[in-house]
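First the structure, in the form of structure tokens, and then the observations on it.
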Amino acid sequence: MKGNHSGTVRTGRKWRLTSEDLWGYAFIAVAMIVFCVFTVYPVISAFFTSFEEYKPLGSTFVALENYKTTFTNDLFYKSVWNTLVYTVFTVPLSLCISFLVAIMILPFSRKVQSVFKSLYYLPAVASGVALSVVWLWIYDPLPTGLLNSLLSVFGIDNVNWLGSSRTAMFSLILMALLAGHGTQIIIYLAALLGVPNSLFEAADLDGATFLQKLWYIVIPLVKPTTLFLLVTGIIGSFQVFMNAYMMTGGGPDNATTMVGLLIFNNAFKYSDYGLACAQALVLAVVIAAVSLLQFKLMGEDVEY
Amino acid sequence: MSGLYSQHLNRPWLRTVRNGLISLVLIALAVATLFPIYYMIVSSFGAPVEAGGASYSLFPTTLTLDSYKFFFDFSPYSARWLLNSLVVGLVTVLGNVVFAGLAGYAFAKIRFKGKRFLFYALLCAMMIPYQVTQVPLYMLMVNQLHLSNTYAALVAPTFVTAYNVFLCKQFMSSLPTEIIECAKIEGCNQLQIYLKIIMPLSKTVLAVMAILTFMNSWNNFFWPFLVTSKDYMQTIQVGLKNFKFANTTYFAPMMAGATISALPMFILFFSLQKYFLEGVTIGAVKG
Amino acid sequence: MKKLLSVLVAAALTVTMLAACGGSGSSSAGGSAAASASGTAAEAPDTITMLLPPVSTTYQDQLSVWAEEFNAMYPNLTLEFENASWEDYKDKLDVQINAGTPPDIAFVEYDRVGTLADSGLMVDISTLISDEELADFDESALEFYRLDEGLYGLPVYISVQCLGGNKAMMEEAGIDWQSVQQNGWTFEEFREAIKAGATDDHYGFIFACAGVTAADYLNIMVKNAGMPAPFDEDLKFAYTSQNFLELLKCLRQIIDDGSTPAEMGSVDAGKRWNMFLTGQTMIFGKGLANFEGLAAENNAKLAADDGTAVEGSIETEYVVLPVPTFFGEAQQAQGSAGGYSMFRTVEEPDPVHQANVMKALYFMASGERAAFTCNELYLSGLSESARTAMAEIENEVPRNENNANAMALLTEQAAPARPDIPAEKTAQATRLMDEVIVPKFQALLAGETTPEEMYEAVCQAAIETFGEDGVVQD
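Protein chains in written order, with my numbering: chain A, 217 to 520; chain B, 5 to 291; chain C, 17 to 490.
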């Protein structure tokens with residue numbers, strides 16, 4: 217934290233609360249209460265359950281058994297790998313696409329901007345279930361399928377999109393990349409519009425090129441937003457399971473089994489709730505580690 | 005209009021060419037992105053038949069509103085579902101705009117003890133997959149508090165989300181600290197600073213947050229499904245899933261439902277449009 | 017500890033709720049129960065809750081009628097229904113069970129009995145049901161809901177899995193479908209038939225295998241290869257036998273023949289039905305009894321020519337076909353039962369309430385209710401009372417006699433239920449199936465692994481799970 221001195225003078229160091237402290241607590245109070253009730257409590261409960269063979273009528277304490285099962289299961293490692301691959305390909309790419317689209321929308325008049333924003337935002341509002349049905353249809357594996365007939369025009373052989381372990385993951389990634397970045401574009405645009413015009417004017421006077429302005433002004437100033445989108449994107453991607461659940465069921469040959477799907481199956485399909493909790497906590501630790509890395513790499517705060 | 009781009013004041017044709025090229029790229033990308041939506045809307049005008057009858061064709065062969073009618077006739081509660089979603093969405097938006105905004109500001113600009121710890125705790129909360137928090141949450145809401153089939157149960161877990169606090173914090177941390185210091189010297193307390201200075205400057209992010217929150221609330225399925233057992237308390241997404249019948253799916257009505265359910269969000273999006281474009285004011289203050 | 021936590025949480029929640037606007041919407045439901053209770057004052061009013069999927073086409077519309085009938089029979093008792101889609105109701109039931117408060121009754125498919133009974137909240141009704149009620153049901157059908165000595169539900173229908181065919185195309189390909197319906201067919205005959213049936217316009221055979229439905233294909237076929245259950249009589253895991261390897265080779269063969277598309281592994285259920293209606297395949301799976309009606313419906317629309325028929329569809333006549341048999345093994349169609357089960361909460365069950373729930377359970381699973389469901393599904397009743405009621409149904413759906421006979425024959429030949437397989441083994445086998453066998457099978461369908469490699473992987477995983485002695489080795 218860089219030195220900004222608050223109006224109140226700090227006297228006692230330790231447990232004397234300054235008015236800044238009190239304002240801070242007052243402002244976060246409601247958020248923290250909701251957080252404690254609806255997140256901390258369930259997480260603590262899940263933590264205890266992860267050491268149990270859970271039964272509604274009385275669980276048995278099994279110590280680290282669930283964790284042992286998790287770490288000796290090949291499928292768990294495979295699903296972590298799949299999730300990583302999916303994340304590495306979707307998150308940074310989709311971030312770049314969103315950033316570029318947002319930049320490209322900028323030079324237009326407000327009316328045109330609104331039109332483009334709406335166009336790009338539209339897919340984000342449609343329900344996921346309906347869209348996966350449409351995507352299933354696009355990936356129709358037979359030669360009469362939509363994407364296949366499109367490709368055959370270019371002389372490309374028939375592809376068994378979701379049915380082959382070579383292309384199934386690629387298909388899911390492609391879908392993620394095309395299925396819309398509406399949310400990210402909107403957030404980026406909000407950040408871009410917050411960049412003070414005076415900075416550009418000053419740069420213009422120095423004769424800066426477009427790329428220079430982009431590199432030295434825009435990118436540093438939207439860094440908090442990039443960090444936000446990166447961290448939330450990674451969290452979302454690590455937890456993803458709906459697409460695999462709807463589109464491939466994890467197949468073929470477990471090529472698209474994600475950790476999220478595994479946890480879902482353990483919790484719901486096999487009623488092995490203790491194991492699901494253990495896997496979820498392991499996953500959370502992995503996500504936390506990756507996010508921490510992001511914070512360290514990107515620097516925590518940008519302050520004036 | 006951002007100063008990022010050169011205005012090419014001396015050569016206006018260059019600007020036209022450049023903008024033309026950019027819009028071509030944007031339109032091409034948009035077409036790819038919009039295709040599934042196009043298909044969703046087109047299919048929604050099909051006849052309400054089972055999945056085998058899904059039209060595997062690009063262009064509509066029949067244009068009928070039967071599926072929309074089917075959707076509303078399907079259950080006496082179809083309209084009620086829309087209303088429920090609306091109520092839940094609006095209350096959630098209100099909660100988040102007010103309280104996540106406040107918390108975001110506090111985490112960004114107020115120095116208080118335990119700030120870092122609390123903020124990281126909040127972030128960690130986002131990392132636990134929802135599958136494992138549903139059961140304890142369900143036990144709490146339904147078994148202990150007996151809140152099933154209430155709006156309270158539908159709203160409470162997302163009344164303030166860590167995501168939104170994080171979003172606000174990231175935005176507000178790039179607001180200039182000097183203006184806050186100035187206000188303090190002039191005798192404003194933090195609440196006044198927030199209401200009079202920060203809020204107006206953060207209209208953009210608050211509007212973005214409102215629309216995103218509403219969208220999430222609107223599209224949320226699993227939790228509303230768990231805590232409602234009565235038809236009249238279900239939300240639109242829960243109701244929509246009922247279109248999946250034994251081994252067949254009413255394809256066109258499902259698409260009609262999805263189209264109907266996307267509409268309110270679009271309306272909200274348009275009505276908040278003007279706030280999205282006001283980010284420039286920060287520059288004015290800063291300058 | 018837990019109590020303290022929950023009190024704290026409750027207190028905190030109240031504070032939150034003040035801000036959150038709690039427009040509560042619960043009220044009305046209790047009223048009718050209280051009013052009707054005055055009739056028989058001796059019995060306290062009670063409400064029985066049920067969680068139900070859309071079992072048949074108009075099933076959910078019928079529920080309120082049944083609730084009234086039940087209320088007329090037992091004025092102090094009220095039925096309360098909660099509906100959800102097929103996929104979702106299972107998830108909700110699981111959450112409710114894990115939370116310790118499932119509904120009184122839920123619709124349960126027989127293959128979930130083991131898992132659910134394992135939770136301890138599924139009620140063994142063998143001591144609650146009266147002899148009279150029990151005698152109403154066919155013993156062979158009840159077997160589906162038995163586990164060791166316990167009875168964990170009452171069945172409503174058993175549907176036998178089969179294939180479906182396009183009559184005109186089969187006749188064109190020179191297949192004597194009537195003989196097949198009556199005498200079954202071997203894999204070799206089936207293979208020749210679909211080879212003959214594959215033309216430039218359509219495939220000989222297609223089975224919906226997309227995602228997890230690949231399991232259906234394997235399950236249906238494996239029964240007729242001498243493995244009616246995943247475990248043999250000695251409770252050894254059966255899919256490590258040589259027959260399993262041979263079966264895999266056969267299933268790969270028909271793809272290599274070109275009788276069925278190489279992309280079969282990602283054809284989904286909706287697509288296979290569309291392919292049948294639009295004449296893109298001669299035989300398809302899995303077949304369901306009510307497809308006969310759906311095909312007839314589409315034909316009627318085609319005849320009316322009002323543009324409501326499925327796009328590009330042709331006139332089709334649906335023929336029920338048995339699954340081919342392999343290596344001279346017997347025809348033992350896969351039967352799957354659906355029915356109702358009773359649940360309790362974590363609190364000590366109240367005998368009066370349980371007796372009431374039992375009344376509702378029997379009410380739903382028998383008589384006109386069961387008859388209605390079976391009629392809509394083109395199936396036969398499993399209890400005396402259901403069959404009696406079925407005979408009286410006025411708008412009984414018209415059924416093709418050949419198909420009905422074929423279905424009856426298949427039902428007769430269906431593999432019996434196996435209540436002797438312990439729940440734990442079933443759970444292990446399910447996991448093995450989901451995590452190893454089906455994924456490898458998907459790879460086999462996609463041509464990315466060979467039958468030998470897949471068999472190797474299955475054997476290895478099976479031995480890991482059940483031990484050398486726990487699997488069939490021949």
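We put the CB at the ideal spot given by N, CA and C, even for glycine.
The structure displayed is predicted, hence computed values, not measured ones.
Taking the Cα positions, F49/B is about 22 Å away from A319/C.
The beta-carbon of N153/B is placed no less than 9 Å from the nearest beta-carbon of chain A. Where P339/A is concerned, the enclosing alpha helix (DSSP H) starts and stops at 326–341.
In this chain, the beta strand (DSSP E) harbouring V172/C covers 170–176.
The Cβ-Cβ distance between L337/C and Q197/C falls below 9 Å. Assignment of beta-bridge partners to R162/C by DSSP yields L167/C. In this structure, K239/C lies away from F482/C, with their beta-carbon atoms at least 9 Å apart. Inter-residue distance for P308/A and F203/C is about 51 Å (C-alpha atoms, whole angstroms). With a cut-off of 8 Å on Cβ pairs, the stretch 126–135 of chain B is in contact with the stretch 466–486 of chain A, counting three or more such pairs. Within chain A, no C-beta atom comes less than 7 Å from the C-beta of Q197/C; the nearest is roughly 29 Å away. Looking at the DSSP output, D62/C bridges to L93/C. A353/C has I174/C as its beta-bridge partners, per DSSP. Considering only M298/C, P70/C, I64/C, E59/C, the residue with the shortest C-alpha distance to G355/C is P70/C. Around the Cβ of Y432/A, a 10 Å sphere holds fewer than 16 other Cβ atoms; the residue is exposed.
For M143/B, the nearest beta carbon of chain C is closer than 9 Å to its own beta carbon. Less than 9 Å divides the Cβ of N470/A from the Cβ of L291/A. One thing to note: Q296/C has its Cβ within 9 Å of the Cβ of I222/C. Residue pairing of N182/C in beta bridges, as defined by DSSP: Y334/C.
Rounded to the nearest whole angstrom, the CA to CA distance from L390/A to L13/B is 41 Å.
The residue from L272/B, F74/B, L28/B, P268/B with its alpha-carbon nearest to that of V328/A is L28/B. Under the DSSP assignment, I321/A falls in the alpha helix (DSSP H) whose first and last residues are 290–321. Between Q370/C and chain A, the shortest Cβ-Cβ separation is not below 9 Å. For the pair E262/C and G486/C, the Cα-to-Cα distance works out to about 21 Å.
Counting only Cβ-Cβ distances below 7 Å, Q455/A has contacts in chain B at P133, in chain order. Look at the stretch 185–200 of chain B: the residues with a C-beta under 8 Å from a C-beta of chain A are E185, K188, I189, N193, Q194, L195, Y198. Each of L388/A, F370/A, V317/A was checked against the Cα of V301/A, and the nearest Cα belongs to L388/A. Exposed is the label assigned to Y42/B, since fewer than 16 other Cβ atoms lie within 10 Å of its Cβ. Along the length of the stretch 353–419 of chain C, whole alpha helix (DSSP H) runs at least 4 residues long occupy 367–381, 383–392, 400–408, reported in chain order.
Within the model, the alpha-carbon separation for K73/B versus I45/B is close to 15 Å. Boundaries cannot be given for M131/B, as no alpha helix (DSSP H) includes it and DSSP labels it neither H nor E.
Restricted to the stretch 355–423 of chain A, the alpha helix (DSSP H) segments that are unbroken, complete and at least 4 residues in length are 362–369, 384–394, 398–409, 413–421, listed in chain order.
Put simply, the backbone Cα of F121/B is about 55 Å away from that of L170/C. If you compare the alpha carbons of V283/C, D366/C, E469/C, K108/C with that of T360/A, the shortest gap goes to V283/C. Note that the C-beta distance between A115/C and V139/B is below 9 Å. An exposed status is given to K200/B, since fewer than 16 other beta-carbon atoms sit within 10 Å of its beta-carbon. For I145/C, the three-state secondary structure derived from DSSP is coil.
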